[in-house]
Amino acid sequence: MKPKRGIKIAAALKYDVKKDGAPRLLAKGKGLVAQKILERAQDGGIDVHEDASVAGGLMQLDLGSEIPECLYDAVARILAHIIDIDSKEAGEK
């Protein structure tokens, strides 16, 4: 489900390789809540990736739940992209 044009949505995932079978939904929201999620990520130095279709899928989940298998590929691509960016930035330091 895609958000209505102009309405910002955001979701945050966490993954503990020792405890979780898959990434879990840590936070989700739209409008002001989405803006707060993005601000907290920025303040914490957490990489953000925009993908409206993945975010829309994550909005359907309950907080704390593991992502479903249908989102594994999309989330894996996002994580790989973020890891690539992090490693490039680390190489520049």
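Just remember that the numbering used here sits 238 ahead of the position in the sequence shown, which is counted from 1.
Glycine residues also receive a C-beta, built at the ideal position from the N, C-alpha and C atoms.
- As the crow flies, the alpha-carbon of arginine 315 is around 23 Å from that of lysine 268.
- If you draw a straight line from the Cα of lysine 266 to the Cα of glycine 283, it comes to about 18 Å.
- Burial of alanine 249 is indicated by the presence of at least 16 other C-beta atoms within 10 angstroms of its C-beta.
- The secondary-structure analysis by DSSP pairs glycine 267 across a beta bridge with Ala248.
- Counting other Cβ atoms within 10 Å of its Cβ, valine 313 reaches 16 or more and is therefore classed as buried.
- One thing to note: leucine 264 has its Cβ no nearer than 9 Å to the Cβ of leucine 276.
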